[in-house]
Amino acid sequence: MSNATVAALPASKATVNDQIKYRSQAVAKPYFVAAIGLFIGQILFGLIIGLQYFKGDFLFPAIPFGTARMVHTNLLIVWLLFGFMGAGYFLIPEECERELYSPKLAIITFWVFLVAGALTIVGYLGLPYNVLAHLTGNDLLPTMGRGYLEQPLITKVGIVLVALSFLFNLSMTLLSGRKTSISIVMMLGLWGLAIFFLFSFVNPNNLVLDKYFWWWVVHLWVEGVWELIMGAMLAFVLVKVTGVDREIIEKWLYLIIAMTLITGIIGTGHHYFWIGTPGYWQLLGSVFSALEPVPFFMMTVFAFNMVKRRRREHPNQAATLWALGTGVMSFLGAGVWGFLGTLSVVNYYTHGTQLTAAHGHMAFYGAYAMVVLTMISYTMPLLRGREANSAAAQKLEKTAFWVMTLAIVGITLSLTAAAVTQVSLQRLSASPLPFMETQQHIMPMYWARFGFGLCFFTGLMMYVTSFFVTGKRES
Amino acid sequence: MSASFTKSTARNIFYGGSVFFFLIFLGLTVDTTMAVPSHNAKAQLTDAAVRGKKIWETRNCAGCHTLIGEGAFFAPELGNVYVRRGPEFIKGWMKAMPTNVPGRRQMPQFNLNDAQLDDLVAFLKYSSQINTNNWPPNIEG
Amino acid sequence: MREQSLALTEAQPARHVPECHVPGDLAMWFFILAELAVFGVFFLVYGVYRRQQPALFAEGQSHLDLLLPTLNTLLLIAGSACMVAAVKRFAQDRQRAARQSLLLAMVFGSGFLVCKLYELVGKFMAGISLSSNDFWMFYLSLTVFHFLHVVLGMVIVAAVWWMARDGRYGPGRLDGVETAAAYWHMVDLVWLVLFALVYVAR
Amino acid sequence: MNYPASSRLWLWWLWLSGLTLLAALLAEQGLSLGQGALARLVLLLAWVKGFTVIEHYMGLRHAPRWLRLVVHGWLLLVTGLLMMSFC
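Residue numbers (the UniProt record's numbering), protein chains in the order written: chain V, 1 to 475; chain S, 1 to 141; chain B, 1 to 202; chain F, 1 to 87.
Encoded structure:
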């Protein structure tokens, strides 16, 4: 463990990094590196399942679709969590104007989380799922086998412990430091994340209630507390790269997240249309979730406004690009594509089709992947001892931004076309086709989606390469 | 134009609004939890169905299938498969997997015994009895 | 927007020429617009459902008594008038009178809540719930949702009343009161449409 | 901003209360009116009252045009569409 501590803290190196204000912020670095590593893994498994959609027996029976998908979605969650945690360890000391309460605890937490995550993935791939469930105590408290929450019980408990250690560390830092709106919103979001994760331990036998509280994790995460984290991270980067008065950025932050929760909390109802819950959710879910695009739109306008009114030209232009991209893509993915299927009269036909997949891909990338990449783009140069990367590195990073973003647009459009076909043949038609027969008609769209997936992977590789590009920084 | 826009008001609206709407959501949750049994009066959650739910979960069925529209979109909807195909078909299907037809999507062989298959069928019967407000639009799911 | 942050630091000079002025804090206006949007969508969806099932809605409405809601409308309007009076009196630095107006607004608000609660309890006792039928679903979600807004309005007015103890509000320092008043008037405005639509328009 | 004289304030209060009572009376006795006519009349009264509240209680008559447009637009849209739904 001491090796790790030494590796993560540049203080022991010959030169002291003068780009970061507090030495302990350096613990963010391994978190970001791990996040990018897991991101690559997520995309690789995404390519596998993308391929299996049209070449059904690919890698069967070694890696069946269900297993590969589970790895794809779980890696997504875990790398985003690594990103959030890295962001927390960087952002909170800077905002609080003091060193982290315990850098050592942060490094221990990092290794525990990484090893536990890796073991879980190995378990998914190396063992039949029911054997894994049996070995890890699922018989004591059955929690596995539900989307995104497939982790074994011991992993779930581990996640809670890691989250507690992380939150303890940051909260102690915050309590004795300067309290800014950005840091408070960040902490509220992170605490909310941990609290709502506790509902992953709730798994009633009654399928309706099971599904009802499953959404308390999934929806209240991505359309609730995660948006606080996202807003805080975006606001932090905007304060830094635009030099706009913190007071202005913070009041907009409060207003945007207020709108998010006002619409998003009861907006959970858009998942309660058909799962055995009373009919009034069709009314409440439609009304409130119809307004969920509003805060995303405000966030886009906000980001562009702040950049337009910037008071300095920050040399890290790539970070600014990522910040603006987050605004636009989260509005498109979460706002527009979310709205497409959110009204109960439409959702009746689109529920459980590829439209959900289309929305999910663009929203997760546009909101959460991009905000973490924004944070990484801003902080990694600092953590590596320079204000910004060289012009050549930034150029490559910006190209990677466009390749990945356009690829996700391509994936979303392919899946939307797939959804239109699926809904018309399987749901709307007077003589509806069976599921598998409908799938045959969608094959070209799945080919296209896989092609865009390869583009995305190319973009990701360019992004990773940009970290190794050296060159002189333009003055 | 004169207008004030203060951080403290924005903050108060955030805290007040969030608490306000979360309390409403809690109230609705209480109402829903109480209404679920009568809304789903036809759904028989038998012991076999409870055991079947565990089989459904520990075989990661939702990794490929949807159940009442939730899960993965790789394989057919199973919330109403009991009605669409019937119990014997389901059991026969589970035993016949995988088809090993080249290029086609493959479902693993889970090696369930007869009692487990009965439990799984009981669970799928239960799920088909849930009052989904008439979803899906047709039997194909 | 940059001028706005300046506006709050300086006391506004007395103006005689009417000029553009947003009553209260802009943040509150964003909140008000969001609330209006929610209620607006609710009302329009009600309109669509009612058009599809006119008999069901007419039958449900025939069980609604008009006396209490009419009284409630009068109470809310009176409360709104008190809020206007309160702002005006703070502007004239008549602290005592202004705080009395706030108190009176809360009295009217409480009256509304009592009447409404009586009406709702009666409905619950009659076995009506959100799941009874489409009319009662709309009736309960709209009226209970609005009821909770009156409660929130009362909390805001009470907070202003409490903070007004040490003369925080006065000429040129009206933002807090105007913000609370704007919210209260919004709750009133929504009720006027709700009253007409759910109780009277048969 | 200019504040209305006290007498004006109470006049608006009387006006709003009067219209409310009128709507209630119409509903109690207006069975002779056509089916949707009463509903449309009552919604029209609601619009008049709402207009008064927005202009004189909320004080939006001194507000910037965008805010007036949005709030009045909201009221007009909602009452207008609802009146049409009773045709």
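Backbone N, C-alpha and C fix where the C-beta goes; we use that ideal spot for every residue, glycine too.
Listed along the chain, the chain V residues whose CB falls inside 8 Å of the CB of Ser-4 of chain S amount to none; the nearest CB is some 11 Å away.
For Gly-41 of chain V, the uninterrupted alpha helix (DSSP H) run begins and ends at 28-52, by DSSP.
Assignment of beta-bridge partners to Gly-385 of chain V by DSSP yields no partner. Contact between Tyr-101 of chain V and Ala-28 of chain V is ruled out by a C-beta separation of about 15 Å, above the 8 Å threshold. Look at Pro-23 of chain B here: in three-state DSSP terms it is strand.
At least one CB of chain B lies nearer than 9 Å to the CB of Ile-13 of chain S. At least one CB of chain S lies nearer than 9 Å to the CB of Ser-181 of chain V. Chain-order list of chain S residues neighbouring Lys-251 of chain V: Phe-5, Thr-6, Lys-7, Ser-8, Thr-9, Ala-10, Arg-11, by C-beta distance under 9 Å. A distance of 9 Å or more separates the beta carbons of Val-222 of chain V and Val-38 of chain B. Under the three-state reduction of DSSP, Arg-11 of chain S is assigned to helix.
Within chain B, Val-38, Val-41, Phe-42, Val-45 have C-beta atoms less than 8 Å from the C-beta of Val-287 of chain V, given in sequence order. Ranked by Cα distance from Thr-79 of chain F, the options B:Tyr-49, B:Leu-113, B:Phe-43, B:Ser-62 are led by B:Phe-43.
Excluding sequence positions up to five before and after Gly-341 of chain V, its CB lies within less than 6 Å of the CB of Asn-347, Thr-350, Leu-355, all in the same chain and listed in chain order.
Three or more Cβ pairs closer than 8 Å define a contact, and the stretch 91-104 of chain B meets that threshold against the stretch 159-179 of chain B.
Under the DSSP assignment, Met-84 of chain F falls in the alpha helix (DSSP H) whose first and last residues are 65-85. At least one CB of chain B lies nearer than 9 Å to the CB of Ser-85 of chain F.
Arg-173 of chain B sits in a strand when the DSSP states are folded into three classes. For the pair of segments examined, the stretch 98-106 of chain S was found not to touch the stretch 8-26 of chain S: the number of CB pairs separated by less than 8 Å stays below three. Fewer than three Cβ pairs drawn from the stretch 401-410 of chain V and the stretch 108-116 of chain V lie within less than 8 Å of each other, which leaves the two stretches out of contact.
When only Cα atoms are considered, Leu-75 of chain B and Gly-18 of chain F end up about 13 Å apart. Identification of residues in the stretch 59-74 of chain S having a C-beta nearer than 7 Å to some C-beta of chain B yields an empty set. For Arg-168 of chain B, there is no enclosing alpha helix (DSSP H), as DSSP marks it with neither H nor E.
Taken atom to atom, the span from the alpha-carbon of Tyr-22 of chain V to that of Met-298 of chain V is near 33 Å. Ranked by Cα distance from Leu-332 of chain V, the first of V:Ile-107, V:Met-370, V:Tyr-463, V:Val-307 is V:Met-370.
A distance below 9 Å separates the beta carbons of Gly-56 of chain V and Arg-105 of chain S. In its chain, beyond the 5 residues on either side, Ser-286, Ala-290 have a beta carbon closer than 7 Å to the beta carbon of Leu-343 of chain V.
By the criterion of at least three beta-carbon pairs nearer than 8 Å, the stretch 36-52 of chain S is in contact with the stretch 259-277 of chain V. Residue nearest to Ile-63 of chain V within the set S:Pro-108, S:Asn-138, S:Gln-116 is S:Pro-108 (criterion: CA-CA distance). Counting along the chain, Asn-203 of chain V sits inside no alpha helix (DSSP H), nor does DSSP assign it H or E at all. Contact between the stretch 3-17 of chain S and the stretch 18-38 of chain B is present: 3 or more CB-CB pairs across the two stretches fall below 8 Å. The shortest CA-to-CA distance from Lys-398 of chain V to any of V:Met-186, V:Gln-422, V:Ala-323, V:Ala-133 is the one to V:Ala-323.
Contact annotation: Val-237 of chain V and Tyr-31 of chain V have beta-carbon atoms that are not nearer than 9 Å. A direct Cα-to-Cα measurement between Gln-42 of chain V and Ile-48 of chain V gives close to 10 Å. With the rule of 3 Cβ pairs closer than 8 Å, the stretch 41-53 of chain F counts as touching the stretch 180-196 of chain B. Legend: CB atoms of the stretch 11-24 of chain F lying less than 8 Å from CB atoms of chain B belong to residues Trp-12, Trp-13, Leu-16, Ser-17, Thr-20, Leu-21, Ala-23, Ala-24. Residue contact check for Thr-353 of chain V against chain S: a CB pair falls below 9 Å.
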